[in-house]
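Comments concern the structure below.
2 protein chains.
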Amino acid sequence: MRKERPLILISNDDGVWAKGINELVRFIRHLGEIVVMAPDSPRSGSGCALTVVSPVTYRMVKKEEGVTIYQCSGTPTDCVKLALHTILDRKPDLVIGGINHGDNSAVNVHYSGTIGIVIEGCLRGIPSIGFSLCDHRAETDFQPAALFIAQITEKVLTAGLPSGVCLNVNIPVVPAYKGIKATTQAKGYWDCEWEPCPRSNGDPYFWLTGRFVEREPDTDTTDYRALQEGYITVTPITVDLTAYGFVEQLQKMLS
Amino acid sequence: MRKERPLILISNDDGVWAKGINELVRFIRHLGEIVVMAPDSPRSGSGCALTVVSPVTYRMVKKEEGVTIYQCSGTPTDCVKLALHTILDRKPDLVIGGINHGDNSAVNVHYSGTIGIVIEGCLRGIPSIGFSLCDHRAETDFQPAALFIAQITEKVLTAGLPSGVCLNVNIPVVPAYKGIKATTQAKGYWDCEWEPCPRSNGDPYFWLTGRFVEREPDTDTTDYRALQEGYITVTPITVDLTAYGFVEQLQKMLS
Numbered sequence: 001m002r003k004e005r006p007l008i009l010i011s012n013d014d015g016v017w018a019k020g021i022n023e024l025v026r027f028i029r030h031l032g033e034i035v036v037m038a039p040d041s042p043r044s045g046s047g048c049a050l051t052v053v054s055p056v057t058y059r060m061v062k063k064e065e066g067v068t069i070y071q072c073s074g075t076p077t078d079c080v081k082l083a084l085h086t087i088l089d090r091k092p093d094l095v096i097g098g099i100n101h102g103d104n105s106a107v108n109v110h111y112s113g114t115i116g117i118v119i120e121g122c123l124r125g126i127p128s129i130g131f132s133l134c135d136h137r138a139e140t141d142f143q144p145a146a147l148f149i150a151q152i153t154e155k156v157l158t159a160g161l162p163s164g165v166c167l168n169v170n171i172p173v174v175p176a177y178k179g180i181k182a183t184t185q186a187k188g189y190w191d192c193e194w195e196p197c198p199r200s201n202g203d204p205y206f207w208l209t210g211r212f213v214e215r216e217p218d219t220d221t222t223d224y225r226a227l228q229e230g231y232i233t234v235t236p237i238t239v240d241l242t243a244y245g246f247v248e249q250l251q252k253m254l255s
Numbered sequence: 256m257r258k259e260r261p262l263i264l265i266s267n268d269d270g271v272w273a274k275g276i277n278e279l280v281r282f283i284r285h286l287g288e289i290v291v292m293a294p295d296s297p298r299s300g301s302g303c304a305l306t307v308v309s310p311v312t313y314r315m316v317k318k319e320e321g322v323t324i325y326q327c328s329g330t331p332t333d334c335v336k337l338a339l340h341t342i343l344d345r346k347p348d349l350v351i352g353g354i355n356h357g358d359n360s361a362v363n364v365h366y367s368g369t370i371g372i373v374i375e376g377c378l379r380g381i382p383s384i385g386f387s388l389c390d391h392r393a394e395t396d397f398q399p400a401a402l403f404i405a406q407i408t409e410k411v412l413t414a415g416l417p418s419g420v421c422l423n424v425n426i427p428v429v430p431a432y433k434g435i436k437a438t439t440q441a442k443g444y445w446d447c448e449w450e451p452c453p454r455s456n457g458d459p460y461f462w463l464t465g466r467f468v469e470r471e472p473d474t475d476t477t478d479y480r481a482l483q484e485g486y487i488t489v490t491p492i493t494v495d496l497t498a499y500g501f502v503e504q505l506q507k508m509l510s
């Protein structure tokens, strides 16, 4: 009896035509049957956003041996939900977001459509990984990360992940990687975030921009720090946001 | 020397004209100086989404004693970021999202623009609370919750919150509240999520819908369960998503 090949669902937030997602398919297609459902246009900064005020549609754009690619009018999270509902005839063995053009370490995890994909897969009980390269340029070179991405993917396919936990993998742009590190989410926030975008009608317009401000920079386990040192970082993230350590004290505060 | 009144920044995801946000202002305006910066149209399901592909603008729509209201073209998270950058001359003492028209308990926390607001405030080091009423109708009655909302707001203004922790408050629609409970985020996912939206051009269109499937329904500490029993629930949530319990094992798995 032949065992079915693993089924891998892929999406991203840079859009179906981005280099990163197509390179990802190339790097891991030997590991299973690939279905891509990705946004028809760039959707960076989508977080876990859903499309509520309009209907969502999709269509197939390419089908070849072991790889089928769809584009979708919705957000990255919509893509995962819609693929699970309308395209796939069985539960995927893995959901992958990426490869993102840009860093999703530290607090970026909250704004990232790549992580939105991963959180959605994880909520559905599917092992899920987000891959991000710390370079947002359209033509950046993903090739140096190819082997590491295939290795991490294969390990998760084999070993699975704990219930409610998914992986946020970030890859630095360096001459040679120092190694792979399990890390924690760096604390901080974005500052100086708005760049004026003058318009002759006089209304104030702004482009989102900013610089990351690290809190607790002495913590040496963080993704932000390890990336700066040249490591590929793998931060395990939980979809249960409960601050368990504060529940009891909160009950007293409310009484 | 007169102490400054607390400064409270409010936003929502139902839009600046929604009943819920205007009722919130009415319920808590005696507690401080209120600045509202809210989306100019409904933005439900925004999560922590940002506006990246276009510039964002805002304008004042109302100013009266102690309350100033702005509308913004961006997402709920943009609203908080933009208010902090362009409107406020000091750091607010509190950021509040809501009152949302609809339930943000359980895994809804990931998709909720209301919680996006709260996470943004928390990342900036400001005590932050999201209020949601479990009824999405435009004309629903928020009045029964007025006193509780003012009390919780006042307690957080006085006592603050631990660093990196914010509050997700959900209010059931019941003849009488059983009380207020500190709860945990119920585990689960949304299923049966797409409703066909036929169109004569033949492409498949879908509206987002769905029903919540609870995992581990025997856990009696959850927000989902307590809401069904008639309690107002307060779930403390953390902005640090690291799954700390898995970091060490992950490092072994990667080696």
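The listed protein sequences derive, respectively, from chains A and B. Residue 74 in the working numbering sits at position 74 of the first sequence, with consecutive numbering throughout. The number in the working numbering is simply the position in the second sequence, starting from 1, with 255 added. Note that CB positions come from ideal geometry on N, CA and C, so glycine has one too. Quantities reported herein were computed from a predicted structural model and do not represent experimental measurements.
Segment contact, 8 Å Cβ cut-off, at least three pairs: the segment 332-340 of chain B with the segment 64-81 of chain A: no
Listed by chain order, chain B residues near E193 of chain A by CB distance under 9 Å: Along the first sequence, read from residue 1 onward, the residue named residue 193 of chain A stands at position 193. By Cβ distance, chain B contributes K336, L337, L339, H340.
7 Å Cβ cutoff, A431 of chain B in contact with chain A: Residue mapping note: residue 431 of chain B aligns to position 176 of the second sequence, counting from 1. No, A431 of chain B lies away from the interface with chain A (no Cβ there is under 7 Å from its Cβ).
Opening and closing residue of the alpha helix (DSSP H) in which Y224 of chain A lies: In the first sequence, counting from the first residue as 1, residue 224 of chain A sits at position 224. Y224 of chain A -> alpha helix (DSSP H) spans 223-228.
Sequence-distant residues of the same chain with beta carbon closer than 6 Å to G74 of chain A, five excluded per side: Residue 74 of chain A sits at position 74 when you count from the first residue of the first sequence. So the list reads T51, V56, once near-sequence residues are dropped.
A414 of chain B, enclosing beta strand (DSSP E) - first and last residue: For the purposes of this step, residue 414 of chain B is taken as the residue at position 159 of the second sequence. Segment 401-414 is the alpha helix (DSSP H) holding A414 of chain B; no beta strand (DSSP E) there.
Residue from B:T464, B:E471, B:G485, B:I283 whose Cα sits closest to the Cα of K206 of chain B: Residue numbering for chain B in the displayed model covers 256 to 510; residue 206 of chain B lies beyond these limits and cannot be assessed.
Pairwise C-alpha distance: W207 of chain A and L343 of chain B: Residue 343 of chain B sits at position 88 when you count from the first residue of the second sequence. Residue 207 of chain A sits at position 207 when you count from the first residue of the first sequence. Cα atoms of L343 of chain B and W207 of chain A: separation of roughly 18 Å, rounded to the nearest angstrom.
Below-7 Å beta-carbon distance, L343 of chain B vs any chain A residue: In the second sequence, residue 343 of chain B corresponds to position 88, counting from 1. So no, L343 of chain B is outside the interface.
Element boundaries [alpha helix (DSSP H), containing T439 of chain B]: Within the second sequence, numbered from 1, the residue matching residue 439 of chain B stands at position 184. No alpha helix (DSSP H) contains T439 of chain B, which DSSP labels as neither H nor E.
Of the residues A:L167, A:P198, A:Y189, the one placed nearest A498 of chain B, counting alpha carbons only: On the second sequence, position 243 is the one that residue 498 of chain B refers to. It is A:L167 whose Cα lies nearest to the Cα of A498 of chain B.
Cβ of V350 of chain B within 7 Å of any chain A Cβ: As a position in the second sequence, residue 350 of chain B is number 95, starting the count at 1. False, the Cβ-Cβ gap to chain A never drops below 7 Å.
Interface flag, F282 of chain B vs chain A, CB-CB below 7 Å: Taking the first residue of the second sequence as position 1, residue 282 of chain B is located at position 27. Taking Cβ atoms only, chain A never reaches closer than 7 Å to F282 of chain B, which makes this a no.
Beta-carbon neighbours of A498 of chain B, restricted to chain A and to distances below 7 Å: In the second sequence, residue 498 of chain B corresponds to position 243, counting from 1. V165, P236, I237, T238, listed in chain order.
Any 3 or more C-beta pairs closer than 8 Å across the segment 87-101 of chain A and the segment 443-461 of chain B: no
Segment limits, beta strand (DSSP E) that includes H85 of chain A: Position 85 of the first sequence, counted from the first residue, corresponds to residue 85 of chain A. That residue, H85 of chain A, is in no beta strand (DSSP E); it is neither H nor E in DSSP.
Nearest candidate by alpha-carbon position, reference I384 of chain B, set B:D495, B:R314, B:T408: Numbered from its first residue, the second sequence carries residue 384 of chain B at position 129. With distances taken between Cα atoms, I384 of chain B lies closest to B:T408.
F501 of chain B vs V165 of chain A beta-carbon contact at 7 Å: Looking up residue 501 of chain B in the second sequence gives position 246. Looking up residue 165 of chain A in the first sequence gives position 165. Contact: yes.
Check whether C197 of chain A and V173 of chain A have beta carbons under 7 Å apart: Reading the first sequence from its first residue, position 197 is the one you call residue 197 of chain A. Reading the first sequence from its first residue, position 173 is the one you call residue 173 of chain A. Going by C-beta atoms, C197 of chain A is not nearer than 7 Å to V173 of chain A.
Within-7 Å CB hit, A226 of chain A to chain B: Walking along the first sequence from the start, residue 226 of chain A turns up at place 226. No, no contact with chain B.
Boundaries of the beta strand (DSSP E) in which Q326 of chain B is found, first to last residue: On the second sequence, position 71 is the one that residue 326 of chain B refers to. Element bounds for Q326 of chain B: 322-327.
CB contact check: R211 of chain A to chain B, cutoff 7 Å: In the first sequence, the residue the question calls residue 211 of chain A occupies position 211. Closer than 7 Å: no.
Reference I115 of chain A; option with closest CA among A:S11, A:T140, A:V36, A:T222: For the purposes of this step, residue 115 of chain A is identified with residue 115 of the first sequence, where counting begins at 1. Per the C-alpha coordinates, the member of A:S11, A:T140, A:V36, A:T222 positioned closest to I115 of chain A is A:S11.
Within-7 Å CB hit, S266 of chain B to chain A: To locate residue 266 of chain B, count along the second sequence from 1; it is residue 11. No, because no Cβ of chain A sits closer than 7 Å to the Cβ of S266 of chain B.
Inter-residue spacing [alpha-carbon to alpha-carbon] between V213 of chain A and W190 of chain A: Residue 213 of chain A sits at position 213 when you count from the first residue of the first sequence. Residue 190 of chain A sits at position 190 when you count from the first residue of the first sequence. Between V213 of chain A and W190 of chain A, the C-alpha separation is close to 6 Å.
Beta carbon proximity, G45 of chain A to chain B, threshold 7 Å: Your numbering for residue 45 of chain A matches position 45 in the first sequence. Closer than 7 Å to some Cβ of chain B, the Cβ of G45 of chain A qualifies, so yes.
Buried or exposed by the 16-neighbour rule on C-beta atoms within 10 Å, applied to L402 of chain B: Counting from 1 along the second sequence, the entry for residue 402 of chain B is found at position 147. Classification of L402 of chain B: exposed, given that the 10 Å Cβ count is below 16.
Reduced DSSP category for F142 of chain A - H, G, I as helix; E, B as strand; rest coil: Counting from 1 along the first sequence, the entry for residue 142 of chain A is found at position 142. Residue state for F142 of chain A is assigned as coil, using DSSP reduced to three classes.
The segment 321-328 of chain B in contact with the segment 285-297 of chain B per 3-pair CB rule at 8 Å: Touching, per the Cβ criterion.
is_contact[H101 of chain A, chain B] using C-beta, thresh 7 Å: Mapped onto the first sequence, residue 101 of chain A falls at position 101. With 7 Å as the cut-off, H101 of chain A does not count as an interface residue toward chain B.
Residues near V118 of chain A by beta carbon distance below 6 Å, same chain, minus five either side: Here residue 118 of chain A refers to the residue found at position 118 of the first sequence. Excluding residues within five positions, the ones whose Cβ falls inside 6 Å are G97, S128, G130, C166.
Residue(s) in a DSSP beta bridge with E248 of chain A: Counting from one through the first sequence, the residue named residue 248 of chain A turns up at place 248. Residue pairing by DSSP places E248 of chain A opposite no residue, since no beta bridge is assigned to it.
Boundaries of the beta strand (DSSP E) in which G352 of chain B is found, first to last residue: Along the second sequence, read from residue 1 onward, the residue named residue 352 of chain B stands at position 97. Under the DSSP assignment, G352 of chain B falls in the beta strand (DSSP E) whose first and last residues are 349-356.
Sub-7 Å separation of A182 of chain A and A106 of chain A beta-carbons: Residue numbering aside, residue 182 of chain A sits at position 182 when the first sequence is read from its first letter. Residue numbering aside, residue 106 of chain A sits at position 106 when the first sequence is read from its first letter. Contact flag unset, no.
Distance between I276 of chain B and K318 of chain B (C-alpha atoms, nearest Å): Counting from one through the second sequence, the residue named residue 318 of chain B turns up at place 63. Counting from one through the second sequence, the residue named residue 276 of chain B turns up at place 21. Cα to Cα, K318 of chain B sits roughly 15 Å from I276 of chain B.
CB contact flag (V234 of chain A, L496 of chain B, <7 Å): Taking the first sequence and counting its residues from 1, one reaches residue 234 of chain A at position 234. Taking the second sequence and counting its residues from 1, one reaches residue 496 of chain B at position 241. Contact check for V234 of chain A against L496 of chain B fails: the beta carbons are separated by 7 Å or more.
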